[in-house]
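Structure first, then comments.
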Amino acid sequence: MAVNKANENTKDLAGKIYDVKDYQATDTLSAGIATTHEQASDAYMEGEIHPVIDDVNGKDVEVKKEGYEKESR
């Protein structure tokens, strides 16, 4: 019986997709999906010229480009 219950929980987790209601949800899974959706939407809309990460306080944190500079020859 315990295996069946665990399988049901796994199916619930694996079958969870983004819903607008996730922004008001109090459970960790829905909140995480809402945050991931927001980040993906922001990245898609902003492009990658000046990528930033939104922290939990709403501040934009610039993605450092260290290691991506072209080497001068």
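Using our numbering, the first residue of the sequence shown is number 708, and each one after it goes up by one.
Virtual Cβ for every residue (Gly too), placed ideally from N, Cα, C.
Exercise. Is Ala747 closer than 9 Å to Ala738 when the C-beta atoms are compared?
Worked result: No; because the gap between Cβ atoms is not below 9 Å, this pair is not in contact.
Problem set entry | Buried versus exposed call for Met708 [16 or more other C-beta atoms within 10 Å across all chains shown] | The predicted position of Met708 is uncertain, since its pLDDT is 48 and thus under 50; a value taken from the coordinates is nonetheless stated next. Met708 is classed as exposed because its beta carbon has fewer than 16 other beta carbons within 10 Å across all chains shown.
Exercise. Where does Asp729 land, buried or exposed, given buried means 16+ other C-beta within 10 angstroms?
Worked result: Counting Cβ neighbours within 10 Å, Asp729 comes out buried, since at least 16 surround it.
For this session: Please check if any C-beta of chain D sits within less than 9 Å of the C-beta of Ile724.
Result: As a matter of chain content, chain D is missing from the structure shown, which is built from one protein chain.
For this session: List in chain order: all unbroken alpha helix (DSSP H) runs of 4+ residues lying wholly within the region 715 to 775.
Result: If we require 4 residues or more, the alpha helix (DSSP H) runs fully inside the region 715 to 775 come out as 735 to 753.
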